[in-house]
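Right, one structure below, let's go through it.
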Amino acid sequence: MELILNDSKKTSDRIFALEKVINKFRSNNFSNSDLLDLEMLYNKREAFMESLPSFTIKRKIDTLKKNHKKNKFYSAKTSSDKIEFNSVEYVRKISIPLEYGKFLYFFCRRLRFSRILELGTGFGISTMYLLQALKRQPIGFLTSVEKSFDYAPYYKNLFQEFNQKKYALVIGRKETALTELLDCSSFDLVFQDADHSKEKLVPEIEELLRVMRSGSVLILDDINWSRDMQSAWKLLTKSSYLAYHTEFSFDGKQRPRFGILLKR
Ligand SMILES: C[S@@+](CC[C@H](N)C(=O)[O-])C[C@H]1O[C@@H](n2cnc3c(N)ncnc32)[C@H](O)[C@@H]1O
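Residues in the sequence shown are numbered from 2 upward in steps of one, following my numbering.
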């Protein structure tokens, strides 16, 4: 087992532990139980995708047009509020890719975080990987926040077999959750996959870094999603609350997708 980040008082030990886990992941250093879990998660993910009915989701058309106009799954021709999506393509598009789900599982499993906060549940794919890691340890709790009511009917089945005492799904805006509902000082891992704008992201992450304990970790998804996100990431890496930061792509070759921050 790896060192739990909060166990060590020494920053150098924490950084070493983080880097070791990343390297182990890249060299496919999985145990048999990891492999069984990952196979099960893959099957579950695929079965979930296949079971999705065609659905209609209300989204801001202007934003979608701006972000996805080159994608063929974007089928709206008008600026009305409701668009019919090809559900499988849509869910694949907004959920973390397979390799990054595997990484989330591996990272949490090895470093044994006990209080996890996810911002942006989406259809629950990343949540499922985090929950499976928590299932393998005696203690641990995940809180996941999602502003949209539309996704809950779909992801309910994904979480059925997980112990309900180990997670809470908060439906509402993260801005409210972070300022009014949650005591953020207790989280030792935050996975941020909701906001993709520098203007909102930077102050929010700075505030989380300020209140979280030494040795806590934040993973930001999509740090190269847009120029704005690249700039947000660059700014955050200069935060005075940091002991260390690194960028992660699953094979070390692709453009990094996750930004990982360690609180000093
Ligand atoms: C990229 S998706 C999340 C995908 C999910 N983490 C996964 O990989 O399976 C981003 C989600 O964040 C949600 N979101 C965006 N802004 C939010 C906010 N202010 N508060 C809560 N959720 C938000 C969106 O509704 C969307 O479902």
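Ideal Cβ placement from N, Cα and C applies to all residues, glycine included.
Local conformation of L170 per DSSP, three classes: DSSP, read as helix, strand or coil, puts L170 in strand.
Coil, strand or helix - Y75 by DSSP: Unreliable positioning characterises Y75 in this predicted model, as indicated by a pLDDT of 48, which lies under 50. A coordinate reading is not provided.
Could you check what DSSP says for R113 in three-state terms: helix, strand or coil? If DSSP states are grouped into helix, strand and coil, R113 belongs with coil.
Classify I97 as buried or exposed, calling it buried when 16 or more other Cβ atoms lie within 10 Å of its own Cβ. With 16 or more neighbouring CB atoms inside 10 Å of its own CB, I97 falls in the buried class.
Within 7 angstroms: the Cβ of T122 and any heavy atom of ligand 1? Placement of the Cβ of T122 at a distance of less than 7 angstroms from at least one heavy atom of ligand 1 is found.
Suppose only complete runs of 3+ residues qualify. What are the beta strand (DSSP E) ranges in the stretch 112 to 159, listed by chain order? Those beta strand (DSSP E) runs which fall completely within the stretch 112 to 159 and span 3+ residues are 116 to 120 and 142 to 147.
Quick check on the DSSP output: the beta strand (DSSP E) that includes I16 runs from which residue to which? Secondary structure note for I16: it is in no beta strand (DSSP E), and the uninterrupted alpha helix (DSSP H) holding it is T12 to R27.
In angstroms, rounded to a whole number, what distance separates the CA positions of S149 and G173? Each residue's alpha carbon lies about 7 angstroms from the other.
Best match in S227, I117, S232 and I220 for proximity to T247 [C-alpha to C-alpha]: When each option's Cα is compared against that of T247, the closest is I220.
Contact check, G121 vs D194 under 8 angstroms by CB: the rounded distance? With a Cβ gap of about 4 angstroms, G121 and D194 count as contacting.
Same chain only: Cβ atoms within 7 angstroms of S198, ignoring 5 sequence neighbours per side: Cβ neighbours of S198 beyond the five flanking positions: D229.
For M260, name the three-state secondary structure that DSSP assigns. In the sequence on display, residue 260 carries Gly and not Met. G260: strand per DSSP, three-state reduction.
So, for V92: in the same chain, excluding its five sequence neighbours on each side, which residues have a beta-carbon less than 7 angstroms away from its beta-carbon? Excluding positions up to five away in sequence, the list reads M50, L53 and F124.
Inter-residue Cα distance where the pair is K87 and G141: Reading off the sequence shown, one finds Asn at residue 87, where the question assumed Lys. Rounded to the nearest angstrom, the gap between the Cα atoms of N87 and G141 is 36 angstroms.
Could you pull out every residue in the same chain whose Cβ sits closer than 6 angstroms to the Cβ of F114, ignoring the five residues on either side in sequence? The answer, listed in chain order, is D189 and L190.
In chain order, what residues of the same chain have a beta carbon less than 6 angstroms from the beta carbon of L118, not counting five sequence neighbours either side? Same-chain partners within the cutoff: T144, F188 and V191.
Inter-stretch contact at 8 angstroms, needing at least 3 Cβ pairs: the stretch 199 to 213 / the stretch 248 to 257: No: fewer than three Cβ pairs fall under 8 angstroms.
Once DSSP output is grouped into helix, strand and coil, what is the label at L183? Reduced to three states, the DSSP call for L183 is coil.
Taking the straight line between their C-alpha atoms, what separation do you get for L237 and L243? Whole-angstrom Cα-Cα distance: 9 angstroms.
Coarse secondary structure for Y245, derived from DSSP in three states: Strand.
Ligand 1 and S127: does the residue's C-beta get closer than 7 angstroms to at least one heavy atom of that ligand? Answer for S127: yes, Cβ within range of ligand 1.
Check this for me: beta carbons of D38 and Y106, under 8 angstroms apart or not? It is a contact, given that the beta carbons lie within the stated cut-off.
How is the alpha helix (DSSP H) around F49 delimited, first residue to last? For F49, the enclosing alpha helix (DSSP H) starts and ends at N33 to S52.
So, with DSSP's three-state summary, where would you put Q308? Nothing in the structure corresponds to residue 308, since the chain is present only between 2 and 265.
Does the separation of the CB atoms of F104 and F160 fall below 8 angstroms? No, these two residues do not count as a Cβ contact at 8 angstroms.
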